[in-house]
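Enquirer: Protein sequence lines, in the order shown, are assigned to chains L and H. According to our numbering, the first sequence is numbered sequentially starting from 628. According to our numbering, the second sequence is numbered sequentially starting from 2. Every residue gets a Cβ at the ideal spot worked out from N, C-alpha and C, and that includes glycine. Here it is, the structure in full.
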Amino acid sequence: MASNKKYWKSVEELNENSSIVDTLRQNEFVEEIPTDDFLGDKETLEKSSTTRRDFLKYVGFSTAAASLASCEGPVKKAIPYVVKPNEITPGVADYYASTIADGYDFASVLVKVREGRPIKLEPNKDTNGSTNARVQASVLSLYDSLRLQAPSKAGSSISWDTADNEIGKALTSVAAANKTIAILSSTDANPTTTKLVADFTENYGNVRHVIYDAVSESAAIDAFEAMYGKRALPSYDFSKAKAIVSVGADFLGDWQGGNFDNDYAKGRIPDHGKMSHHTQFESNMTLSGANADVRVMVKPSVQNAILADLYNALVNGASAKDANVAKAVKEIRKAGSNAVVVTGIQDKNAQLLAMAINNAIGSEVMNTSVTNNTRQGNDTEVAQLVADMKAGRIGAILINNSNPVYTLPNSADFVEGLGKVDLSVAFSMVNNETVQATQYALPTPHNLESWGVVEMKSGQFSLMQPTIRPLFDTRQFQDCLLKWTGNTQKYYDYIKTEISALGADKSFNKALQDGHFSASSSEEVTTGEVDLSAAYRSVANVKGNGLELQLYTKTGLGDGQQANNPWLQELPDPITRTTWDNYLTISQVDADKFNLSMPLSSLTQRSLHDADGGLNGYYCELTVGDVKVTIPVLIQPGQAPGSVGLALGYGRKAGLKSEMQVGKNAYHFYKNFNTSQSGVSLKKVDGVHEFACTQLHNTMMGRGDIVKETTLATYNDHSLDPKHTWNPVPVVSYKHQEVEATTVDLWDEFDRSVGHHFNLSIDLNACTGCGACVVACHAENNVPVVGKAEVRKSRDMHWLRIDRYYSSDMTEEKAHEEGIGAIEKFSEMENPSANPQVAFQPIMCQHCNHAPCETVCPVAATSHGRQGQNQMAYNRCVGTRYCANNCPYKVRRFNWFDYANNKEFDFNMNDDLGKMVLNPDVTVRSRGVMEKCSMCIQMTQATILKAKKEGRPVGDDEFETACSNACGTGAMVFGDLNNKNSKVAKLKEDKRAYHLLEHIGTRPNVVYQVKVRNTEA
Amino acid sequence: MKILYQTRKKHIFISMKSVKQHNLFSRLTLSSLAFLFFFTINLSAQGDAKNGKKLFNSNCAACHKLDKDLVGPKLRDITEKRTNEWLKAWIKDNAAFQKVDADAKEAAEWSPTAMTAFPQFSDQDIDDILEYTKPVVVEEGAGGSGAVSMVPVQQEKDNTLLYILGAIVLVMLLMLFNLYRTVNELRGDAPKRQSFSEQANDVWEAFKANKFLHFLMVIFFLLATAYFVFGWLSQVGVDQGYQPIQPIEFSHKIHAGDNKIDCQYCHSAAKHSKTSGIPSANVCMNCHMNISEVADDTKIGNHGKDILDKEIQKLYDAVGWDADKLQYTGETKPIEWVRVHNLPDFAYFNHSQHVTVAGLKCQKCHGPVEEMDEVYQYAPLTMDWCITCHRETEVDLTENGYYKKIHEQLAKKYGVEKVTEAQMGGLECGKCHY
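Given below as structure tokens:
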């Protein structure tokens, strides 16, 4: 180490004459311990009745007593039910069909309930349900100890009776004064709520119901209304799509309520040599862009021109101006009616053009007769309401499941308006900014404690039913409406009568069991006259203004209502792999321009990593109009130059644990409910931000055979032998001859043909990177949350991670052609290109048949089962961590702290309520042991036991793991290889199948399918 | 007359261990004695109380007790309230009888539940039952002690005689041996004996001189210490024989042993779930709604009826059952049992696998529970104990449809017909630790 370097901890140390520094140097203990005062005081000492001998006796006795007492085991109590409910058998899980509809996410789910506690959500596959990461995690939000627990008035608790009385009186007086009563609620897609609000209106007269989505799709709804006369969204079936062109629509994310990835993935698996072609024009790197075949970086304002160009070419028959648009048009023409154009531009005219294009090409993907009801917000009405409130025209406001004080860009106006209404009531499950700003806060139950009917798509209804008795003194909004309109019915009874009134095709009980019923929709869509040429002119004339900001929602936090959920906070963003933060994504070009690039380090260029391997970023001040926010910058490959991206949903403070109060509130920039804002200015400010980013953790960089990909043309070329061309089997030298690595073995092979042999297949084509599997794994396997500081130290505990790979401009071939040296070549290879291709790869324990971890464990804590699972006996592990060192896939996680009983980690496991989500069938690991994916052995064993008890063989595709069950896209398929009828047995033999790092001979039981891109060349 | 007395006595023998349903058997016995010896009335002419009791227990006891109201009124002294004919008419078909008899109509209002008709009873049957319900006259002061004297003390097997005999034989043999030696010594055949102290001294000297023996002894001492320390450490956390005091003095011996209630009647989760389940209090009430006190002679340890009746009361307190009004109060208080069998959290055990699939008897692991008043941990519940059984137990591959394919494969591939649990993978760490 250089001797002339000076190291210091504090700036004060630089001052040579500092007396403080000198004192600190001389005295190790800053505060003196007053031993002399105590021992020198002879008088006090002599007064004491305890002699030295007695003292020693006490010490001796208490030590002996303590050690004797510790020899006895603790007495454990077992408390049975007094009256056991019939449907509960302790130790056996019950499943109930229900629905999650929190205003942002909508999903039909199965709720796994153990002894009356919901512990996991699974997609209800019978009703085509699919779950994303937030839906999977919402079971933990049920056990949020900071939820509202009782009604309160101005912060002090009141009883429901008092609340009913006072609010009832206030409502009556407001109605008598002929002032407006406003109901502001998020989309709940619940036809019975609509009916109840109508009854409420009849009762009180002047009622205005405004639906407000924090992240709005109002532009698209307005466009649909103009065209078809109904406020709704068209539904899309991407499984029918052969050509998809998206202009700024992240439909694999949260565009129009999401839930498109299952259908999308169906078209992406090249089953019979065919797959859809996906072109994405976008500014931020999104999941859709990452999965696209062609991704074009376009900043938000230019997206309008692209759409106009598309419209002009496809509807007016003109030739496209833009080369990329021309290619997209070609693909669309080729696909004919199996093409679709979608756009995420928050402008009514742009949405009109997209629908007009789909109509022009006769798209079968877009369906306007079955509408999507998961977004119903009306921006104009919301703006009008805020204006009316400020003007004092609103007498009372009832806010349901909505947090406008936090999410409204003009929340200051809203708060001012709240001061002018006579009565403000917030119905909310959680404590939030709006709850604190209103007069009355009425706690509502979680979806898992509620009744409900949800019509996500017109005519298709899902039922919501409680799976636990309400944890707190809560009441549903609908029950309040019933009560306040003088209806004595409970909402449950109301639903029962209502669903037959809706014309359900089955009985209530059957519908409840299935979680679903359908009814013919009475609403007919009409076709209205729309001036499309005006819309075209308007869209074509949009001009950008300097740097542009594209707001987006993250896979983890969405609109931010589940910000107190540690699973979601710690879920790495699929693209940036960063946890616990939001940040400004910026292109390398712009970062250089604004002097926001980190100084070059020798190998990992353009970002500075500290000793822990954590990623850092500079802070900048982001200004749009009069709003300024200081935010860290993260350089994002694929970010369109001239644009920056920022995630909504962060920066909440109210009702959150201190650990969860991360990031900055981007809703301030969400002006006019438009996700793209122009006229943005950036200014670098002092300071370096430390990200908790997992993208550099556990890297396998520099080793081959990780992500394999090919093009559709190559895949379809039957003259090629995949083994030697696009899916090469690695070769090793054996007896001086090159042989396939799979044919050489150091070890004797066991016979695994009897019984079960589990394999997991992961299709890189179908994996969209959505992260549902990661959260499902958390829930199933009691994986602890470690917090931001620990994640930064590479101590994240995710058993399952989704690696994201960027392609690089540098290739072996290019290096060879241009004569570039090895060091520079590898260095360049780790430098992603400006618009990289992306691949997602879920990685968990590969369950190697010849596992390197097993041979190095000195205590045989990890061993192999004949069913193919690499087993980890926690009670045997002594924590040498040799296994983690020797694992080539870096999937083993060391439990550094007793996360479940350590108040330093104030997450769900240290919380009496949060502990209720733990799976009783899986050990909660203690400190000092290694843990990793078990291939859900508790689930496979349970499936086997079920078959044994019923005296039958296990079904063909009966085996599931938490991740494969949560995966709606079909990317993860789990099953028994010895059952030749199972899907996984066929996938294992597929020509796309390969193993990770095959040349090292680990023989994994996780098999990957080569990614096929529908690109040219 | 004598025969009658004896049958009654025998009857007491039978009911001794069972829970008391209604009356005091001893009083009954004594009353019959009183009848026999002081009044000499021919009882058989009026009805056979033994048959009456049998009929009463199988037909009436669900709703009637002798000395206490239940669903129906108590039946002691009923013959004094109603005439024999009235009762016969009522019992055979009370609904029809109500239409013709005002008293019957009034009687029907006693309970909201209508009484079942018993047309199958003959007049003699009803006489027998009524005989059984008749009041008994108790001789002053003879109550409790009389009953106790009736209870035969179970004889412990006495081996004292055998020991004495053995000792005599031993002494005789020793005497014989000494006699033989003395005779030999007198003859001069045997060498003269050294004194005991001389002998001991020789051994001690030899021992002192032998360094190798010292070395061996040290080694032996160390090994022995290690053995015992290891043995002691191995039992840390092994709670075999653990018999905690439970909040209610519940006897498995009375329930599973004497009354032969199936284990899974109460522990019904065992066949479905990983836990066997402690029965919820409502399961207890299936029987204890009618059984509010134990038989007079029931004993658990030193505790007799006076204490044990209070234990049943504890159950009533828990479920909120008012034994006088015969209704639930709604105030419940869960019973906090003390867990006897504690597996560590990292070990997974599933009852249904062993009970339903393997068809094991509960006693295999839990021991003779039907003989335990208070349950103790019978098996050590160590891993060694688990895997020893898995090594020895053969899996029946033929009966269960799940194993059929595995059986075919094994037979075809290896010509194996039978495998042990261990060979099926029952020793793999991950089968129990996850």
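Counting beta carbon pairs with one atom in the segment 936-945 of chain L and one in the segment 800-819 of chain L, are three or more of them shorter than 8 Å?
Expert: As far as the Cβ criterion goes, the segment 800-819 of chain L does not touch the segment 936-945 of chain L, which means the pair count is below three.
Enquirer: Give the residues of chain H in contact with residue 1254 of chain L, contact being defined as C-beta atoms less than 9 Å apart.
Expert: Here the premise fails: no neighbours, minimum Cβ distance about 51 Å.
Enquirer: Please report the residue range of the beta strand (DSSP E) in which residue 1491 of chain L lies.
Expert: Counting along the chain, the beta strand (DSSP E) containing residue 1491 of chain L begins and ends at 1489-1491.
Enquirer: Could you name the residues of the same chain whose beta carbon sits closer than 7 Å to that of residue 1374 of chain L, not counting the 5 residues immediately before and after it, in chain order?
Expert: Result list for residue 1374 of chain L: 1477, in chain order.
Enquirer: Taking buried to mean at least 16 other C-beta atoms within 10 Å of its own C-beta, is residue 169 of chain H buried or exposed?
Expert: Classification of residue 169 of chain H: exposed, given that the 10 Å Cβ count is below 16.
Enquirer: If you draw a straight line from the C-alpha of residue 901 of chain L to the C-alpha of residue 1089 of chain L, how long is it?
Expert: About 34 Å.
Enquirer: Indicate whether at least one CB of chain L lies closer than 8 Å to the CB of residue 430 of chain H.
Expert: Yes, residue 430 of chain H lies at the interface with chain L (some Cβ there is under 8 Å from its Cβ).
Enquirer: Can you tell me whether residue 687 of chain L is buried or exposed? The criterion is at least 16 other CB atoms within 10 Å of its CB, across all chains shown.
Expert: Exposed, by the Cβ-count rule.
Enquirer: With a threshold of 8 Å between beta carbons, is residue 1496 of chain L in contact with chain H?
Expert: Chain H, which has a Cβ nearer than 8 Å to the Cβ of residue 1496 of chain L, makes this yes.
Enquirer: Between residue 711 of chain L and chain H, is there a C-beta pair that is closer than 8 Å?
Expert: It does: the Cβ of residue 711 of chain L has a partner Cβ on chain H nearer than 8 Å.
Enquirer: Between which two residues does the beta strand (DSSP E) carrying residue 806 of chain L extend?
Expert: Unbroken run through residue 806 of chain L: none, as it is neither H nor E.
Enquirer: Using a beta-carbon distance below 8 Å, is residue 1087 of chain L in contact with chain H?
Expert: So no, residue 1087 of chain L is outside the interface.
Enquirer: Using a beta-carbon distance below 8 Å, is residue 1290 of chain L in contact with chain H?
Expert: So, not an interface residue.
Enquirer: Is there a Cβ of chain H sitting closer than 8 Å to that of residue 1479 of chain L, yes or no?
Expert: Closer than 8 Å: no.
Enquirer: Does residue 1474 of chain L come out as helix, strand or coil in the three-state DSSP assignment?
Expert: Reduced to three states, the DSSP call for residue 1474 of chain L is coil.
Enquirer: Please list the terminal residues of the continuous beta strand (DSSP E) segment that includes residue 1083 of chain L.
Expert: Element bounds for residue 1083 of chain L: 1079-1084.
Enquirer: Return the CA-CA distance between residue 719 of chain L and residue 246 of chain H, expressed in angstroms with no decimal places.
Expert: Cα to Cα, the separation comes out at about 29 Å.
Enquirer: Are any of the Cβ atoms in chain H nearer than 8 Å to that of residue 1509 of chain L?
Expert: Judged by the 8 Å Cβ criterion, residue 1509 of chain L is not in contact with chain H.
Enquirer: Which of the three DSSP states, helix, strand or coil, is assigned to residue 1174 of chain L?
Expert: The answer is strand: DSSP assigns residue 1174 of chain L an E or B state.
Enquirer: Quick check on the DSSP output: what are the complete beta strand (DSSP E) runs of length 3 or more inside the segment 1254-1297 of chain L, in order along the chain?
Expert: With a minimum length of 3 residues, the continuous beta strand (DSSP E) runs that stay inside the segment 1254-1297 of chain L are 1254-1262 and 1270-1274.
Enquirer: Identify the contact partners of residue 358 of chain H in chain L, using a Cβ-Cβ distance below 8 Å as the criterion.
Expert: Within chain L, the residues near residue 358 of chain H are 1572, 1575 and 1576.
Enquirer: How many Å lie between residue 844 of chain L and residue 1561 of chain L at the Cα?
Expert: Rounded to the nearest angstrom, the two C-alpha atoms are 42 Å apart.
Enquirer: With which residues is residue 922 of chain L paired in a DSSP beta bridge?
Expert: Per DSSP, L:907.
Enquirer: Could you check where the alpha helix (DSSP H) with residue 1192 of chain L kicks off and where it finishes?
Expert: Counting along the chain, residue 1192 of chain L falls outside any alpha helix (DSSP H), and DSSP gives it neither H nor E.
Enquirer: For a contact defined as C-beta to C-beta under 9 Å, what are the partners of residue 337 of chain H on chain L?
Expert: The answer, in chain order, is 704, 705 and 706.
Enquirer: State the Cα-Cα distance for the pair residue 1070 of chain L and residue 750 of chain L, rounded to the nearest angstrom.
Expert: Residue 1070 of chain L and residue 750 of chain L: Cα-Cα distance of roughly 27 Å.
Enquirer: Scan the segment 1541-1573 of chain L for residues whose Cβ lies nearer than 8 Å to a Cβ of chain H and list them as they occur along the chain.
Expert: The segment 1541-1573 of chain L vs chain H, Cβ under 8 Å: 1548, 1549, 1550, 1551, 1561, 1564, 1565, 1568, 1571 and 1572.
Enquirer: Rounding to the nearest angstrom, what Cα-Cα distance links residue 1309 of chain L and residue 1253 of chain L in this structure?
Expert: Rounded to whole angstroms, residue 1309 of chain L to residue 1253 of chain L spans 13 Å at the Cα level.
Enquirer: From residue 300 of chain H to residue 308 of chain H, what does the alpha carbon distance come to, in whole angstroms?
Expert: Residue 300 of chain H and residue 308 of chain H: Cα-Cα distance of roughly 9 Å.
Enquirer: So, at 6 Å on beta carbons, what are the nonlocal neighbours of residue 1173 of chain L in its own chain, with the 5 sequence-adjacent residues on each side left out?
Expert: Excluding residues within five positions, the ones whose Cβ falls inside 6 Å are 1306.
Enquirer: With a threshold of 6 Å on Cβ separation, who are the neighbours of residue 1388 of chain L within its own chain once the five nearest residues in sequence on each side are excluded?
Expert: Correct list, in chain order: 1600, 1611, 1614 and 1634.
Enquirer: For residue 351 of chain H, which option in H:339, H:123 and H:387 has the closest C-alpha, if you only look at C-alpha atoms?
Expert: Answer by Cα proximity: H:387.
Enquirer: Does any C-beta atom of chain H lie closer than 8 Å to the C-beta of residue 1500 of chain L?
Expert: Answer yes: the Cβ-Cβ gap between residue 1500 of chain L and chain H drops below 8 Å somewhere.
Enquirer: Can you tell me the Cα-Cα spacing of residue 91 of chain H and residue 287 of chain H, whole angstroms?
Expert: Roughly 28 Å between the two C-alpha positions.
Enquirer: Out of curiosity, what's the CA-to-CA distance linking residue 416 of chain H and residue 356 of chain H?
Expert: Their Cα atoms are separated by approximately 29 Å.
Enquirer: Please determine, among L:1106, L:1195, L:1378 and L:1543, the residue with the shortest C-alpha to C-alpha distance to residue 826 of chain L.
Expert: Nearest C-alpha to residue 826 of chain L: L:1106.
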